[in-house]
Every structure is written in C-alpha cells, then in structure tokens.
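Contents: one structure, followed by commentary.
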Amino acid sequence: MKRPLIYIHSASHSGSTLLAQLLARHPEVATVGELSGTIHRARPGYQCSCGVELVQCGFWQCVSAAMAKRGFTYSATTAETDIRNAANPVARKLLKPLHRGPLLELARDVGMVLVGRSHLERQQALKTALIESVTECTGRPVLVDSSKSGLQLKYHLRNPSLEVKAIGLVRDGRGVALSIARNQSTTFPKGARDWRRTNEEAQALAERMGEARWIGVRYEALCEDPQGTLNRIWRFIGVPPRELDDCPAAHAHVLGHGSRLNGSKKIHNVEKWRQELSADDLRTFDSIAGPLNRRLGYQ
C-alpha cells in the first residue's frame, strides 16, 4: 500500500511552516516540517518545536528507533535526507539547479542515470522509511512535508511507495523578496529572482501533476479565511473538514523555519514591504518579477 504524502511547494518565507502546522491540527494529519534535512540542525542547541534540544527530544529518538527497525541509522540532525547531498560531486552538481523545463529535466535525468542512480535509489528507500517511521511515532496516517523545493518534489513523485499530492503556496513576491534579502543576507534583486524562479517552477509542476494532485493556495487567503482555506485543502488531501476551534494545536515536533517555535496560533498577514520598499525597490522588483506577480493576482 502506498503511503500518502502531502508536499508544500513554495518560495522561502512564504508561510509553508505555518500552513503545515495548521493542517496538522487535524487529527488525521501530522507534520514534522521539512523532511529534507539541513546542516543547521547539527548546530549545538538547535531546538525541536517542542522546545527540547533536538538531540534530546524523545519524539526524534522514537523516529530513530523506528528507522533502525527498517535498517537505517538515522538522526534528525543529519542533512542526509536532502536529495542534493550526493556523495558523487558530479551528481551533486546535477542536483543543484532548481527544477527546470522538460528538456533540461531530461538532461538531468540522463546524467543521474550515469552517475547517481544508486544515490536516488537510496534516497527513495530512506525517505520511505522516514515517512513510515514518522507516521508510526505520530499515530497519524497523512504526513505533510514542507520542504518547499521542486527538486525534492520531483523525486517524491518518482517514489513508487508514495502517493503524493502537492500544495502550491504563493505569497506576494514583494514581501517574499524583502524577507529573502533580510534573512538570507542577500540582495533584494536576488530575492526577487528567487521568488520568480520558484513560482515559474511551481507552474511547470502544476501543469505536469494536474488538478487531481496539485492545489494552489495563496498565503493571503489563508490569513483572511483560515477556516475556509484549510477546509478546501483538507478535502483535497482526502480528510473530512474540521472546525479549527475543535482542533487545538498539538504538541508538535517541527523542524525547519524559526517560526516553528512560535506554534500555529498566529495567523496574520504582515505586509512590511509596503512601508519598507522604496520606489526604486518597487521598480526593480517589477522589472524582475512584476508580470508574474500580477498574473498570480497581486496588483
């Protein structure tokens, strides 16, 4: 039987962690945030969203034990579950770019067959075991992965053990570009390009997956009408809608963005970009990503 997996695809700083935590207030849905690991989790003092240092968290010790039963030595501090962490340097280079169009993805596929087949096979087995272990430890059948990356999603879709549906989460690119620049120590134009490329990637993935497996969600709609938006997503996932008031926030174990430490109760749309971006900044954004932002409904 295939394991259900719900994947949130979005640009960074678009609200994926909040959305995952809200969805997991449903008693049939779980999340641990981003299944793709990062090197940041190995830093001393890195906390699970439960407030306990990751290496001491009982939930993640449960996951490690469940992984051991499946033949894997696993720690939540590892970046091993990031598809891009291939041992072969050529495979790492092939896996570095964002998801591209059909021809470039075909070229990536051919290259990975030549130098990275064993890596992809191990990733499939590792991710399947991790999803099974997390659902075992949470006791909930549906798992939400907020890893965001189109490349991670591509290889989830190729995993024969998984039944994957995706949520395409989008947020006004002006605010996202500002957040990327501020939080990733980069420039505002780079943030605008990152937002544009990620949402171009989303359009290509949505076309490939179709309406049965892809649902588009605007962060602003989630903030304005959380109940209605969550009901729509829960129906898409295949679980019955529930009243948020009847679904108190669970004691979660979420990894990823720092907002995981704040719980899932704060649902508001802060548009700091309206006060902080200059006229020159707005013209720069418009030249880079304005047409796509407008097509997505942001004026």
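In our numbering, the protein residues as written are 495 to 793. Here a beta-carbon is modelled for each residue, glycine too, at the ideal position from N, C-alpha and C. This structure is a prediction, so every number in the text was calculated from the model and none was measured.
{"Asked": "Proximity of LEU513 and TYR792 at Cβ, strictly below 9 Å", "Found": "no"}
{"Asked": "Residue burial classification, VAL604 (beta-carbon count within 10 angstroms, cutoff 16)", "Found": "exposed"}
{"Asked": "Whole-Å CB distance - HIS520 paired with VAL658, under 8 Å assumed", "Found": "With a Cβ gap of about 18 Å, HIS520 and VAL658 do not count as contacting."}
{"Asked": "Delimiting residues of the alpha helix (DSSP H) encompassing LEU672", "Found": "667-677"}
{"Asked": "GLY784, DSSP secondary structure in three states", "Found": "helix"}
{"Asked": "Beta-carbon proximity of THR571 to VAL557, cut-off 9 Å", "Found": "no"}
{"Asked": "Complete runs of the alpha helix (DSSP H) confined to the segment 691-762 [at least 4 residues]", "Found": "713-718, 720-731"}
{"Asked": "Backbone secondary structure at LYS659 - three-state DSSP", "Found": "strand"}
{"Asked": "Secondary structure of THR632, DSSP reduced to three states", "Found": "helix"}
{"Asked": "LEU790 in three-state terms, based on DSSP", "Found": "coil"}
{"Asked": "Rounded straight-line distance, which links the Cα of GLN678 to that of ARG691", "Found": "17 Å"}
{"Asked": "Cβ contact (3+ pairs, closer than 8 Å) linking the segment 537-549 and the segment 705-722", "Found": "no"}
{"Asked": "Pair within 9 Å by beta-carbon distance, THR567 and GLN617", "Found": "no"}
{"Asked": "Which listed residue (GLY710, ARG586, GLU694, SER627) has its alpha carbon closest to that of GLY610", "Found": "ARG586"}
{"Asked": "For ILE761 and GLU718, the rounded distance between their alpha carbons", "Found": "9 Å"}
{"Asked": "Sheet register partners of GLY527 (DSSP bridge)", "Found": "LEU749"}
{"Asked": "Of the residues PRO683, ALA696, LEU716, the one placed nearest ASP780, counting alpha carbons only", "Found": "PRO683"}
{"Asked": "Helix, strand or coil at GLU765 [DSSP, three-state]", "Found": "coil"}
{"Asked": "Distance between LEU663 and LEU686 (C-alpha atoms, nearest Å)", "Found": "Reading the sequence as shown, one finds Ala at residue 686 and not Leu. Answer to the nearest angstrom: the Cα atoms are 16 Å apart."}
{"Asked": "Segment contact, 8 Å Cβ cut-off, at least three pairs: the segment 501-511 with the segment 628-642", "Found": "yes"}
{"Asked": "Length of the line joining the Cα atoms of ALA671 and ARG777", "Found": "13 Å"}
{"Asked": "SER558, DSSP secondary structure in three states", "Found": "helix"}
{"Asked": "Cβ neighbour criterion (16 or more within 10 Å) applied to GLY750", "Found": "buried"}
{"Asked": "6 Å CB neighbourhood of ARG602 in its chain, flanking five on each side removed", "Found": "LEU588"}
{"Asked": "Ordered list of alpha helix (DSSP H) runs contained in the segment 586-620, each at least 4 residues", "Found": "596-609"}
{"Asked": "GLU522 - DSSP class collapsed to helix/strand/coil", "Found": "coil"}
{"Asked": "Within 9 Å, strictly: CB atoms of ALA660 and ILE500", "Found": "yes"}
{"Asked": "Host alpha helix (DSSP H) of LEU771 (start-end)", "Found": "Note, LEU771: premise wrong, no alpha helix (DSSP H); not H, not E."}
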